[in-house]
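Just so you know, we're using numbering that gives the first Met the number 0 here: the sequence shown kicks off at 0 and counts up by one. Glycine residues also receive a C-beta, built at the ideal position from the N, C-alpha and C atoms. These notes are about the structure you will find just below.
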Amino acid sequence: MKTSPSQNVMISGSPPPSTPPRRSTAEGLAGFGAYLGSLWRGKAPAADPVAAAVESKPTATSLQTILLPHARTRWMLPAAGGMTPAAIESILKEALTGKSPRREQELYSLMESTWPRLLKNKMEVTEAVLSLDWNLMDADEDERIDGAEDLIKRTKNGMKGDPITDGHGWRATLGALLDGWFRGISISEIEWEYRGGKKFPQAWLPKLTRDLPPWHFGWRTGPGGQSSSSKLQSPTEQDGRLVLYPDATANNGIDFPPNKFLIAIRKAGKGHPSGTALLRCLAWWWCSANFSQEWLLNFAQIFGQPFRWATYDPSQEGVKDDLAAMMEAMGSAAYGVGPDGTKVEWHESSKSGADNPQAYILTLADTACDLLVLGQTLTSTQGSSGSLALGEVHQSVRADIIDSAAAWLAEVVNEQLIPAVISLNMGEIDEDGSLPWFQPARKSQKDTKVLAETFKIILDSGIPLVQDEVYDALDMSKPGPEDEIFGKLPGKELPPPPMKPGDPPAVDPAADPAGDVPAEAAPLLRRVLAKLPLDAREYLMARILPADLGE
């Protein structure tokens, strides 16, 4: 394990480097602009506090917050009414050819806020993943890094959310990263702090995280927005890598600083992350459901009403417009007026028949959402038929998807957050050391009745069992020597029942082996009975002793 001297001094408990006063957003962006310009021209950047944010040394300036997005831009969403099929197609194509996924991510946000089934399914998966047992595992003793597990425990227990600035604690951070499972990508910025106490030494640990808006990152396509076929591009500029836009300008992209961001990318298929988001294939169904809802509401307004047909005298000027207005008002009024020669016919509408197409499209959209997000439909809808076995199959499919999402999220945390915490406090770790890792697991739900019946069958078959394993399987503690117990331990007699007032004193079997024989019996009979087994003594006492006593 390699450790830099400066980091040794910092971990030993010395005070953190002095933090410069926080600058305004405009000053911060100006500093970053100068830094970006120097990088773009290939020159060494001038000394600037914000420029230190891309250095790997753990100082207060290198770990300070980089982006402070305005609240108004985070709250603005496009209108659902303007999302026509042509507009959605344009947005999805732009995500494949453009630099910023902003419009695509805004579309996904609009889908979540206007499609109840999608929001329900997403929250169902998210809550199920976050409710798992996130166990912190460590390597074997010969590969374990001393103090690493404590740092990760402090990270998990010490992250606190900030509702004023929309900062995320540990659970909310996992939830924000899990958005990438549905949206294809989710990025969070880490806010570090230097903290410690009487029990723990000073260390650089995450304080909270914040979501990175989609207009602050994108994929590099060349200088000045040139296409990938430009001859002016260098190999680095053509690689299509993910870059950071500190000033929200797609032409000023830089590589992500180390140890400052958590990047969660999930590809639902083969190809570039910008075109493989899970929600991408639901965009068409969402658009269809939007228009179907409007048509369905219009249909519901006129459903069951008779069809009205009117004729008029064309020689009368202006009658057509007046008659059309009257016919429109008759939908909510029980009267109408018209000039001579006007004839209104009423045709009874059909009040039965198959399901209307608008409701059918809405049902198909919800079914597609269930199948894509949950892998099945039975946990969301009752269905026309089913059985216990079918329900168990559907529940198993849902559990598999939740386990897959949890394993993917754990990989992001294990590969990015944990190495960042360790490297900032202990330096780079070589191959001889192994870092701790999180391993999500389902909470134990055992049927103790079935287990007890299984153990009884095994014991009745003459197969011995290890007591400790049986107690562990039943989630029960093994009685100690001083514990009050119910039942009988192997090789031990049951404890005597508690004495009540007025009961005769208990006889010690060791002092009087025939203590259960009535005192009226002859001494010789008592000695004989004391040498017999318990079952034989009880038999003789029931058969012979009453006659001996004259009963």
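Taking 3 residues as the shortest admissible run, the stretch 394-454 contains the following complete beta strand (DSSP E) segments, listed from N- to C-terminal end: 436-440.
The count of Cβ pairs closer than 8 Å, one atom from the stretch 167-185 and one from the stretch 467-486, stays below three, leaving the stretches out of contact.
Within the model, the alpha-carbon separation for P356 versus V128 is close to 36 Å.
Put simply, the backbone Cα of N258 is about 25 Å away from that of T125.
Annotated three-state conformation of Y470 is helix, per DSSP. Rounded to the nearest angstrom, the Cβ distance from L531 to L539 is 7 Å, consistent with a contact under 8 Å. I87 places its beta carbon less than 9 Å from that of C286. For R153, the secondary structure class from DSSP, reduced to helix, strand or coil, is helix. When only Cα atoms are considered, D431 and D459 end up about 51 Å apart. The Cβ atoms of Q415 and L135 lie no closer than 9 Å to each other. Taking the C-beta atoms as reference points, L243 is found nearer than 9 Å to D254. Across the structure, L211 and S187 are spaced so that their CA atoms are roughly 5 Å apart.
In this structure, A276 sits near I184, with a CB-CB distance shorter than 9 Å. Between the stretch 198-205 and the stretch 80-99 there are fewer than three inter-stretch CB-CB distances shorter than 8 Å, so the stretches are not counted as touching. Per DSSP, the continuous alpha helix (DSSP H) segment holding Y107 begins and ends at R101 to T113. Beta-bridge partners assigned by DSSP to W218: L241.
With respect to K206, K159 sits close: the two C-beta atoms are nearer than 9 Å.
Our two residues, E93 and A358, have alpha carbons roughly 31 Å apart in a direct line. Around the beta carbon of Q104, 16 or more other beta carbons sit within 10 angstroms, so the residue counts as buried.
The Cβ neighbour count for R240, taken over all protein chains shown within 10 Å, is under 16; the residue is labelled exposed. Taking the C-beta atoms as reference points, L204 is found no nearer than 9 Å to W214. Scanning its chain for C-beta atoms nearer than 6 Å, with the 5 sequence neighbours on each side dropped, one finds around S433 the residues A138 and E142, in chain order. K477 sits close to Q466, with the two beta carbons spaced by under 9 Å. Going by C-alpha positions, P100 is about 15 Å away from K266. For W308, the number of other beta carbons within 10 angstroms of its own is below 16, and it is reported as exposed.
S314 counts as exposed, since fewer than 16 other C-beta atoms from the protein chains shown sit within 10 angstroms of its C-beta. Looking at the DSSP output, T208 sits in a beta bridge with H167 and I189. Ranked by Cα distance from L423, the first of D321, A409 and Y193 is Y193. Spanning the alpha carbons of L91 and R279 requires a straight line of approximately 8 Å. DSSP links L135 through a beta bridge to F437.
In the three-state reduction of the DSSP assignment, D320 falls in the helix class. Taking a 10 Å sphere around the C-beta of M475, we find fewer than 16 other C-beta atoms and assign the residue as exposed.
I401 counts as buried, since no fewer than 16 other beta carbons sit within 10 angstroms of its beta carbon. About 6 Å separates the beta carbons of R441 and L131, which is inside the 8 Å limit, making them a contact pair. Closest in alpha carbon position to K98, among G252, L118 and P245, is G252.
Separation of R182 and Y107 (C-alpha to C-alpha, rounded to the nearest whole angstrom) is 7 Å.
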